[in-house]
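In what follows, a single structure is set out as structure tokens and then discussed.
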Amino acid sequence: MVKILVFVESRDNKIKNAGIEAASKAYSVSKELGAEAEALLIGSSVTSIANELGAYGISKAFVIEDSRLEKYSTTAYAKAIAEAVKARGADILFLSATAMGKDVAPRVAARLEAGLAVDCTNLKIENGEIIATRPVYAGKAYIDLKINSPVKIFSLRPNVFKPQKSEKSNVSVEKLDIAFDDKDFSSQVKEVVVSSEKLDVSEADIVVSGGRGLKGPEHFYLVEDLAKVLGGAAGASRAIVDAGWRPHGDQVGQTGKTVSPKLYIACGISGAIQHLAGMSSSKCIVAINKDKDAPIFQVADYGIVGDVFEILPALTEELKKVMAN
Amino acid sequence: MKIAICISQVPDTTTKVKIGADGKSIDPAGVTYIINPYDEFAVEAALQLKEKQGGETIALIVGKEVSKEVMRKAYAMGIEKGILIKTDLELDSYAVARNLADVLNEINPDIIICGKQSIDYDDHQVGSLVAEMLGIPSISVVVGLTVEGGKVSAEREIEGGKEVVEAALPVVIATQRGLNNPRYPNLKGIMQAKSKPIEERQPTYTDNKTEILSMSLPKPKAKGKIVGTDVSAVPELVKMLREEAKVI
Ligand SMILES: Cc1cc2nc3c(=O)[nH]c(=O)nc-3n(C[C@H](O)[C@H](O)[C@H](O)COP(=O)(O)OP(=O)(O)OC[C@H]3O[C@@H](n4cnc5c(N)ncnc54)[C@H](O)[C@@H]3O)c2cc1C
Ligand SMILES: Nc1ncnc2c1ncn2[C@@H]1O[C@H](COP(=O)(O)O)[C@@H](O)[C@H]1O
Numbered sequence: 001m002v003k004i005l006v007f008v009e010s011r012d013n014k015i016k017n018a019g020i021e022a023a024s025k026a027y028s029v030s031k032e033l034g035a036e037a038e039a040l041l042i043g044s045s046v047t048s049i050a051n052e053l054g055a056y057g058i059s060k061a062f063v064i065e066d067s068r069l070e071k072y073s074t075t076a077y078a079k080a081i082a083e084a085v086k087a088r089g090a091d092i093l094f095l096s097a098t099a100m101g102k103d104v105a106p107r108v109a110a111r112l113e114a115g116l117a118v119d120c121t122n123l124k125i126e127n128g129e130i131i132a133t134r135p136v137y138a139g140k141a142y143i144d145l146k147i148n149s150p151v152k153i154f155s156l157r158p159n160v161f162k163p164q165k166s167e168k169s170n171v172s173v174e175k176l177d178i179a180f181d182d183k184d185f186s187s188q189v190k191e192v193v194v195s196s197e198k199l200d201v202s203e204a205d206i207v208v209s210g211g212r213g214l215k216g217p218e219h220f221y222l223v224e225d226l227a228k229v230l231g232g233a234a235g236a237s238r239a240i241v242d243a244g245w246r247p248h249g250d251q252v253g254q255t256g257k258t259v260s261p262k263l264y265i266a267c268g269i270s271g272a273i274q275h276l277a278g279m280s281s282s283k284c285i286v287a288i289n290k291d292k293d294a295p296i297f298q299v300a301d302y303g304i305v306g307d308v309f310e311i312l313p314a315l316t317e318e319l320k321k322v323m324a325n
Numbered sequence: 326m327k328i329a330i331c332i333s334q335v336p337d338t339t340t341k342v343k344i345g346a347d348g349k350s351i352d353p354a355g356v357t358y359i360i361n362p363y364d365e366f367a368v369e370a371a372l373q374l375k376e377k378q379g380g381e382t383i384a385l386i387v388g389k390e391v392s393k394e395v396m397r398k399a400y401a402m403g404i405e406k407g408i409l410i411k412t413d414l415e416l417d418s419y420a421v422a423r424n425l426a427d428v429l430n431e432i433n434p435d436i437i438i439c440g441k442q443s444i445d446y447d448d449h450q451v452g453s454l455v456a457e458m459l460g461i462p463s464i465s466v467v468v469g470l471t472v473e474g475g476k477v478s479a480e481r482e483i484e485g486g487k488e489v490v491e492a493a494l495p496v497v498i499a500t501q502r503g504l505n506n507p508r509y510p511n512l513k514g515i516m517q518a519k520s521k522p523i524e525e526r527q528p529t530y531t532d533n534k535t536e537i538l539s540m541s542l543p544k545p546k547a548k549g550k551i552v553g554t555d556v557s558a559v560p561e562l563v564k565m566l567r568e569e570a571k572v573i
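Residue numbers (my numbering), protein chains in the order written: chain A, 1 to 325; chain B, 326 to 573.
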């Protein structure tokens, strides 16, 4: 029988959302393929959390535990995942296209001499084979691809595959013994620096971004205030990141972050193609720009042709009123 | 210190994507190629390292005849030597990495610097693949880099923060925007680049593991609404976001 192994990402011994999404998708694909789905968790103490996966159809989980695996290590995690695939005789490996997944997946692929489809946004089955769809050219196009190597690896874009609750099953958890030596930890995370308390643009449900139309960094509070009433994150165009108004971690676009929130509000942003590349897959896009011909209106669902210095304060006030009710 | 840089050539970022006649790739008509923007950070990082610690810089490209223009851009910025592994085949990331690894094995650099992704297929793969094939550590999405005493300390971006990662040389680094500001080539550099030789090699590995079946464009969006042209439109906009779009 075909076997799917899904690496369920956890940090600090907590399962990440993206990990749940991957586990749930692995289960639904296994049903469609008539295959078996097993989960893999890696960390210093992950046995107890494996049970959470039962609500998403997973009934068998394997854990690799070692105190040195508490913090992520590219080399050690790559070995752990590849060894688990071999030990379980898995034909298909799923993981998440997160910072960790994108980092580790190619190394696992090299170890297993396997093809890898990264950042998949859809998986369909044709003649018993998985056909993956994934964005290319920063979302300006999509490709359908299949993998021809014996072991096939797919990384799934976060926030795309909604987890499906299923009949709750008991999860049997087994330890896999993998022998690590010091060389396996040749790269090691020394420290994780959380960038303030602020919500990251790539994780926020609502993103309000500002551009050069704001005229200067001293006016950026207009964008931040609006983001705040909406419980969202404040993003930026590259023009104002390059100008030093905002940190580059907030940049949305081709060379910044790709976001797909349910609501994206672009304020004083022209809508250059490289900016659109990072946000055009948002569910609902609002543009505020004083130039009616600005390209941002081409992708916007709603637009106001007006001055950000007038519209933004009014919008923030109106929302405060409405949200209070 | 021996520094290798891996470079890919990609269509210009303003390219209008049109599906080609094969239905699997973009129409090459009118497309101009540029150095992958992330690889400019890689070139800059290599040059800074060399300026500080001495050494040599070698750029590698798996590509076609057109890739030579991209190599000349790297030369113009200051890279000293270039190797083009020339093939007209469309190789996937695995095959590209194998070719790079084979040459790198022979060059034996102390540090290999790549970009975090090529902006055509957005694969995020080649750097880490090469590292595993060579059996050395890799650090991806790097926004801060210190190389000292045979060790690398790098900051890499993760969701909502950064990781500080350490590894011993040799190592593969994949650069992210924010690491540095790539220099503009000066006239002298551009002139010299024109006549500098590019070593050509045959590919050593041409088996793809993945197969592209088709390429498609995203569905066009219905045209948006202009709600108004001044503050009086604000209440209407909020109403639409609540009742029509249901996003707040
Ligand atoms: C290789 C490459 C990669 C790039 N990557 C990115 C990227 O990742 N992200 C990105 O954003 N850009 C990127 N760019 C840059 C991009 O091409 C644009 O230059 C940039 O997005 C423009 O930023 P902007 O919209 O803030 O500024 P502008 O283009 O200057 O637009 C300002 C807008 O504000 C409007 N405006 C002015 N005053 C007001 C007012 N009072 N009220 C309302 N509206 C007003 C104007 O009508 C105008 O439309 C990249 C470029 C290249 C070449
Ligand atoms: N054809 C290639 N030749 C040389 N280096 C490449 C090639 N393709 C990708 N790379 C390197 O690998 C990085 C990541 O590319 P990718 O995995 O294709 O997204 C790029 O930024 C380059 O540094």
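A virtual CB, placed ideally from N, CA and C, is assigned to each residue, including glycine.
Keep in mind it's a predicted model, so treat the numbers as computed, not measured.
Counting only Cβ-Cβ distances below 7 Å, residue 246 (chain A) has no contacts in chain B at all, with the closest Cβ about 12 Å away. DSSP, reduced to helix, strand and coil, places residue 14 (chain A) within a strand of the structure shown. Among the CB atoms of chain A, one or more fall inside 8 Å of the CB of residue 565 (chain B).
At a threshold of 7 Å, residue 309 (chain A) counts as near ligand 1, since its beta carbon sits closer than that to one of the ligand's heavy atoms. Straight-line measurement puts the Cα of residue 311 (chain A) at about 45 Å from the Cα of residue 471 (chain B). Residue 289 (chain A) and residue 268 (chain A) do touch by the CB rule: their CB atoms are close to 6 Å apart, below 8 Å. The beta-bridge partner set that DSSP reports for residue 480 (chain B) consists of B:469, B:489. Residue 53 (chain A) has its alpha-carbon roughly 16 Å from the corresponding atom of residue 43 (chain A).
A straight-line Cα-Cα distance of about 15 Å links residue 131 (chain A) and residue 91 (chain A). Taking 7 Å as the cut-off, one finds at least one heavy atom of ligand 2 near enough to the beta carbon of residue 367 (chain B). DSSP places residue 358 (chain B) in the strand class (E or B) of the three-state scheme.
Counting along the chain, residue 514 (chain B) sits inside the alpha helix (DSSP H) bounded by residues 512-520.
CA-to-CA, the gap between residue 307 (chain A) and residue 287 (chain A) works out to about 11 Å. For residue 119 (chain A), the enclosing beta strand (DSSP E) has its first and last residue at 115-120. Residues of the segment 200-225 of chain A whose Cβ lies closer than 7 Å to any Cβ of chain B, in chain order: 200, 202, 203. Within its own chain, the residues whose Cβ lies closer than 7 Å to the Cβ of residue 461 (chain B), once the five positions on either side in sequence are excluded, are 495, 496, 497, listed in chain order. In this structure, the alpha-carbon of residue 77 (chain A) lies about 28 Å from that of residue 531 (chain B). Judged by DSSP secondary structure, residue 77 (chain A) falls within the alpha helix (DSSP H) whose first and last residues are 74-88. In the displayed model, residue 347 (chain B) falls within coil according to three-state DSSP, outside both helix and strand. Put simply, the backbone Cα of residue 60 (chain A) is about 18 Å away from that of residue 32 (chain A). Between the segment 559-568 of chain B and the segment 168-179 of chain A, the count of Cβ pairs shorter than 8 Å is below three; the stretches do not touch.
Against chain A, a Cβ distance below 7 Å from residue 475 (chain B) picks out nothing, because the smallest value is about 13 Å. In the pairwise beta carbon analysis, the segment 173-188 of chain A is classified as not touching the segment 135-155 of chain A: fewer than three pairs are separated by under 8 Å. Check the Cα spacing between residue 545 (chain B) and each of A:208, A:190, A:300, A:254: the tightest is with A:300. Residues whose Cβ lies closer than 5 Å to any heavy atom of ligand 1, listed in chain order: A:211, A:212, A:213, A:237, A:238, A:239, A:253, A:254, A:255, A:256, A:268, A:269, A:270, A:272, A:274, A:275, A:289, A:290, A:291, A:294, A:307, A:308, B:338, B:362.
In the displayed model, residue 250 (chain A) falls within a helix according to three-state DSSP. Contact check for residue 426 (chain B) against residue 459 (chain B) passes: the beta carbons are separated by less than 8 Å. The Cβ atoms of residue 510 (chain B) and residue 369 (chain B) do not sit closer than 8 Å to each other.
Contact of residue 135 (chain A) with chain B by beta-carbon distance below 9 Å involves 447, 543.
The residue among B:337, B:399, B:451, B:347 with its C-alpha nearest the C-alpha of residue 355 (chain B) is B:337. Between ligand 2 and the CB of residue 461 (chain B), the shortest heavy atom gap is not smaller than 7 Å. For the pair residue 143 (chain A) and residue 208 (chain A), the CB atoms are not nearer than the 8 Å cut-off. With a threshold of 7 Å, the Cβ atom of residue 443 (chain B) counts as near ligand 2, since some heavy atom of the ligand is closer than that. Of the residues A:65, A:25, A:249, A:107, the one whose Cα lies closest to the Cα of residue 55 (chain A) is A:25. Annotated as distal: residue 252 (chain A) and residue 486 (chain B), with beta-carbon spacing of 8 Å or more. Shortest Cα-Cα distance from residue 556 (chain B) to any of A:64, A:309, A:113 involves A:309.
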